[in-house]
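Chains A and B are the protein sequences, given in the same order.
Under full-length UniProt numbering, the first sequence has 251 at position 251, and the numbering climbs by one with no breaks.
Under full-length UniProt numbering, the second sequence has 333 at position 333, and the numbering climbs by one with no breaks.
These notes are about the structure you will find just below.
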Amino acid sequence: MANMLWLQSGGCGGCSMSLLGAEGPDLITTLESAGIELLWHPSLSEQTGAEVRQMLEHIIDGERALDLLCIEGSLMRGPNGTGRFHLFGGTGIPMIDWVGKLAQRARYTLAIGSCAAYGGITSAGDNHTDATGLQFEGELRGGLLGSEYRSADAMPVINVSGCPVHPNWVTETLIELALGEGRADQLDTLGRPRLFADQLVHHGCTRNEYYEYKASAEQLGHQGCMMEHLGCLGTQAHGDCNTRPWNGEGSCTRGGYPCINCTAPEFEEPRHAFMETPKIAGIPVGLPTDMPKAWFVALASLSKAATPERLKENARSEHLIYPPTLHKRKN
Amino acid sequence: MSRIVVGPFNRVEGDLDITLDSSAGQVTGARVNATLYRGFEQILLGKPALDALVYTPRICGICSVSQSVAGALALSDALGIEPTRNGELCRNLILANESLTDLLTHFYLFFMPDLARDVYQREPWYDRVATRFRAVKGDATREMLPARAEFLHLMGLLAGKWPHTLSIQPGGTTRPVQRQERLRLLAILSGFRRFLERVCFGDDLERIAALRTPDQLQNWRAQRPWHSSDLSTFLHLSEQLGFDQLGRATDRFMSFGNYAVQGEMLVPSGVWTPAEGRLVLDAGQISEDVSHAWMREAPVLHPARGETDPVAEKEGAYSWCKAPRLNGQVVETGALARALVAGDPLMTALVSEQGGTVHTRMLARLFELARTIPKLQQWVLQIEPDEPFCNHPTRLEDGEGVGLMEAARGSLGHWVSVKRGRISRYQIIAPTTWNFSPRDAREQPGALEQALVGAPIREGEADPVSVQHIVRSFDPCMVCTVH
Chain A
1 MANMLWLQSG GCGGCSMSLL GAEGPDLITT LESAGIELLW HPSLSEQTGA
51 EVRQMLEHII DGERALDLLC IEGSLMRGPN GTGRFHLFGG TGIPMIDWVG
101 KLAQRARYTL AIGSCAAYGG ITSAGDNHTD ATGLQFEGEL RGGLLGSEYR
151 SADAMPVINV SGCPVHPNWV TETLIELALG EGRADQLDTL GRPRLFADQL
201 VHHGCTRNEY YEYKASAEQL GHQGCMMEHL GCLGTQAHGD CNTRPWNGEG
251 SCTRGGYPCI NCTAPEFEEP RHAFMETPKI AGIPVGLPTD MPKAWFVALA
301 SLSKAATPER LKENARSEHL IYPPTLHKRK N
Chain B
1 MSRIVVGPFN RVEGDLDITL DSSAGQVTGA RVNATLYRGF EQILLGKPAL
51 DALVYTPRIC GICSVSQSVA GALALSDALG IEPTRNGELC RNLILANESL
101 TDLLTHFYLF FMPDLARDVY QREPWYDRVA TRFRAVKGDA TREMLPARAE
151 FLHLMGLLAG KWPHTLSIQP GGTTRPVQRQ ERLRLLAILS GFRRFLERVC
201 FGDDLERIAA LRTPDQLQNW RAQRPWHSSD LSTFLHLSEQ LGFDQLGRAT
251 DRFMSFGNYA VQGEMLVPSG VWTPAEGRLV LDAGQISEDV SHAWMREAPV
301 LHPARGETDP VAEKEGAYSW CKAPRLNGQV VETGALARAL VAGDPLMTAL
351 VSEQGGTVHT RMLARLFELA RTIPKLQQWV LQIEPDEPFC NHPTRLEDGE
401 GVGLMEAARG SLGHWVSVKR GRISRYQIIA PTTWNFSPRD AREQPGALEQ
451 ALVGAPIREG EADPVSVQHI VRSFDPCMVC TVH
């Protein structure tokens, strides 16, 4: 058995909402069968007010063990380092103080979502609230707990990033930890479980045929590839969004809009409009990372020259203009 | 007189604490504190105009689509762009999918578990209710979660994912619906409707929607055992616990109107009071007061001219929430307000008798759920897969726009100004900003602050259960409140 405490810090609660959509089986069954007992979750549990404050104090005093500490939302250090932008309700104490103390007791500490992992949306703009992640501040190690932090089981913070997280990224990470199979070398360099971070959003993208021929969508909702004009980062973004879709059969690219690489630190400040591809001399900036640029450009011009009419026209349309042709059988 | 601070509140979205004054076993005064400030109105400054569609849904993970819709409406107003008919139908479907999911989640996960608390264990109905509604462990949670998740497959098809979609644009939606997908949508809706009829209401939705007077509702109830469905269970417990006497606020209700298709609103906008009936809403009379918020002192401003400048210390301040007012008055917003403004006869009769209470707020949500599902089925049938889904804007240089709509929890407004393609002002007033506002400069308490006065406190209660019921009857969303 392992117990789990979930706290919401400076975020939107969307990762919890996404998690409630876990399917096959549902969230409660998933946790039960993994032997995970819910100590407290703000959207689900009965205990409120004094009971919760007392439970947290018992954990901090060491009277009650804590296995899995899940933090959702950015850690709000402002204004002026006081943490006043988020006092935990009913306690008058900044949430960052609660999290700092609980993390010292937890067997594993998990950042749920890109806010808790890296700062995320809450840290966008000039980050006037001084929001940070648990062990990263954007791409830099550090954050609230510091780069040296290790949980009681000698693990760094596990960054189940995403805005929001896919429910299975959370449940499978929890199951792995509950089985005692969690290992630091199963995290990538940004602290993300390789369970989901070893895939690219590009994998399984339903627009792959358009990508192959560089048949590009010109507007949102067109059927073509969104990399050339619409800011899609699916070829660089880590996540299995298109091999294990969302809400039954969806994903961002299937929804007709670009991947904004929400599992990565600093996705919230792309330094250009999200839905436009920045270009230099007509060539998109930020091509696939593990391929020489010249090769990519050469291949792209070749495949563009070879694009079938079907793909060229379908790419720039909301609707299918040309269905695939039927090959004639030889008599 | 004694004073206690209640919190953290759970089974509300976001973080909340409330300072209660009491005497002789009753609440005599309340101060509601939204304890988290993130500052989206500051984050948005200087961003490319359409990027608002990335940031604003992330204000809230439970009202994400509502924020998208308000943002898209404000931008289409500023751009002077009209959505396509298909785009409007799909936008309505996506929005209704989120809102109805919220109504369901609120009933099963947030409100009902308080009735399974130990404090009620001597009540004759307790054992059944505890088995069904106890938090996490009750049968109802296990039964509703899969139904909820399957209903949200509509999001997978129409919005890519939920929460935080970019599919809702000023000119429509980015997800053209193919012929087979239109049929799939019908199947998803039928599945959810079946769950509602079998489990939640215990009757056909048409028969529920046809209950138009308190007597008809009473007769419907009398014809079946109190535990035969979750609606009848609620009606029984509400009567047993006197929810019709609990949590009355200002009885001035507001709706911004919702679900437009080609200029026609399915849900009308307006203001309603028991004495005056339905009145026209003048959104020009909305203002925000910062006298009790941790915001730099400023005059009372219309949101199109509003400012957001947080300060750490301020005499007399006790919340990050500003105090929105309509004509200087406190209003309540939500499903009950929508029903009253729309002239719903059952809710009008009930509120004329008892006011806005825990009972009427909860009932209005359940009835909205029952009455809206058939509309979704009609919208799907009206989608024409071969017609366009999205009109595309040309570049927005300068402009101002307003987006007013109804989220599950009530009236949501976005006010945007754009200069040289970039956002120069963005102001948001969310439903719970209205309902959970602090006092204003005239010391008028907000709607919840009024609703809590008179709430009974039992001997020795640290977290009075009546306060829990009243707070949750508003279905607060605290992350939207301050944003």
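All C-beta atoms, glycine included, are put in the ideal place defined by N, C-alpha and C.
Interface residues of chain A facing residue i [CB-CB closer than 7 Å]
i	result
S64(B)	G14
Q427(B)	Ordered by position in chain A, no residue passes the 7 Å Cβ test against Q427(B), which lies about 16 Å from the chain.
H392(B)	Q219
Q285(B)	Per Cβ cutoff of 7 Å: no residues; Q285(B) is ~30 Å from chain A at best.
DSSP-derived helix/strand/coil call for residue i
i	result
N258(B)	strand
C200(B)	helix
L38(A)	strand
F436(B)	coil
I94(B)	helix
D386(B)	coil
H236(B)	helix
G73(A)	coil
G277(B)	strand
I283(A)	strand
A147(B)	helix
G334(B)	coil
H106(B)	helix
W272(B)	strand
H166(A)	coil
R58(B)	helix
G410(B)	strand
C262(A)	coil
S251(A)	coil
Local Cβ density within 10 Å of residue i, reported as buried at 16 or more and exposed below that
i	result
V177(B)	buried
A178(A)	buried
L20(A)	buried
V297(A)	exposed
I36(A)	buried
G25(B)	exposed
E449(B)	buried
M155(B)	buried
Residues that residue i contacts on chain A, provided the C-beta gap is smaller than 9 Å
i	result
L16(B)	G89, G90
Partner residues on chain B for residue i, Cβ-Cβ distance less than 7 Å
i	result
Y257(A)	G160, L166, S167, T174
I121(A)	Y55, R58
L27(A)	L145
M17(A)	G61, I62, P163
Any non-hydrogen atom of the ligand FAD within 7 Å of residue i CB
i	result
R422(B)	In the structure on display, the ligand FAD does not appear, and there are no ligands present to speak of.
Per-residue contacts from residue i into chain A (C-beta, under 8 Å)
i	result
T35(B)	H86, L87, F88, G89
F389(B)	G221, E318
Amino acids of chain B, ordered along the chain, whose beta-carbon sits closer than 8 Å to that of residue i
i	result
S45(A)	N10, R11, A135, V136
Q8(A)	G14, D15
T129(A)	Y37, R38, G39
Partners in chain B for residue i, counting only beta-carbon separations shorter than 9 Å
i	result
T82(A)	A312
D240(A)	By Cβ distance, chain B contributes nothing, its closest Cβ being about 13 Å from D240(A), past 9 Å.
- Message: If the cut-off is 9 Å on Cβ atoms, which residues from the stretch 149–179 of chain A count as contacting chain B, listed in chain order?
- Response: C163, P164, H166, P167
Next item on the list: Could you say if the stretch 346–357 of chain B and the stretch 206–224 of chain B meet the contact criterion of at least three C-beta pairs nearer than 8 Å?
Entry: yes
| For the 8 Å Cβ check, are there 3 or more pairs between the stretch 352–371 of chain B and the stretch 202–215 of chain B? | yes
Practice problem: Could you run through the stretch 153–181 of chain B and flag, in chain order, every residue whose CB is less than 7 Å away from some CB of chain A? | Solution: H153, M155, G156, L157, A159, G160, K161, W162, P163, H164, T165, L166, S167, Q169, T174, R175, P176
Practice task
Assess, as a yes-or-no matter, whether the stretch 176–191 of chain B is touched by the stretch 113–128 of chain B under the definition of 3 or more beta carbon pairs within less than 8 Å.
Solution key: no
Counting pairs of beta carbons, one from the stretch 279–298 of chain B and one from the stretch 101–119 of chain B, are three or more of them closer than 8 Å? no
Inter-stretch contact (C-beta, 8 Å, three-pair minimum) for the stretch 193–210 of chain A and the stretch 159–170 of chain A: yes
Anything in the stretch 267–280 of chain B with a Cβ closer than 7 Å to a Cβ of chain A? List those residues in chain order, please. none
Would you be able to state if there are at least three C-beta pairs under 8 Å between the stretch 46–57 of chain B and the stretch 132–150 of chain B? no
* Interface positions of the UniProt domain "Cytochrome-c3 hydrogenase C-terminal" (199–274) of chain A facing chain B (Cβ-Cβ less than 7 Å), listed along the chain -> Q219, L220, G221, P245, W246, N247, G248, E249, G250, S251, C252, R254, G255, G256, Y257, I260, A273, F274
(message) Would the stretch 18–36 of chain B count as touching the stretch 451–464 of chain B if we require 3 or more Cβ pairs under 8 Å?
(response) yes
In chain order, what residues of the stretch 47–58 of chain A put their CB closer than 9 Å to some CB of chain B? Q47, T48, G49, A50, E51, V52, R53
Practice task
State whether the stretch 74–83 of chain B contacts the stretch 400–411 of chain B, with contact taken as three or more CB pairs (one from each stretch) at a distance under 8 Å.
Solution key: yes
inquiry  = Any C-beta of chain B within less than 7 Å: which residues of the stretch 31–44 of chain A qualify?
reply    = L38, P42, S43, L44
Kindly confirm or deny that the stretch 95–106 of chain A and the stretch 56–76 of chain A touch, where touching means at least three C-beta pairs closer than 8 Å.
yes
Practice problem: Decide yes or no for the touch test of the stretch 110–126 of chain A against the stretch 77–85 of chain A: beta carbon pairs closer than 8 Å, at least 3 of them. | Solution: no
- Item | Segment contact, 8 Å Cβ cut-off, at least three pairs: the stretch 265–274 of chain B with the stretch 293–306 of chain B | no
Chain A contacts made by the stretch 109–122 of chain B, where a contact means CB separation under 7 Å | L109, P113, R117
Give, in chain order, every residue of the stretch 204–233 of chain B whose Cβ lies closer than 8 Å to some Cβ of chain A.
none
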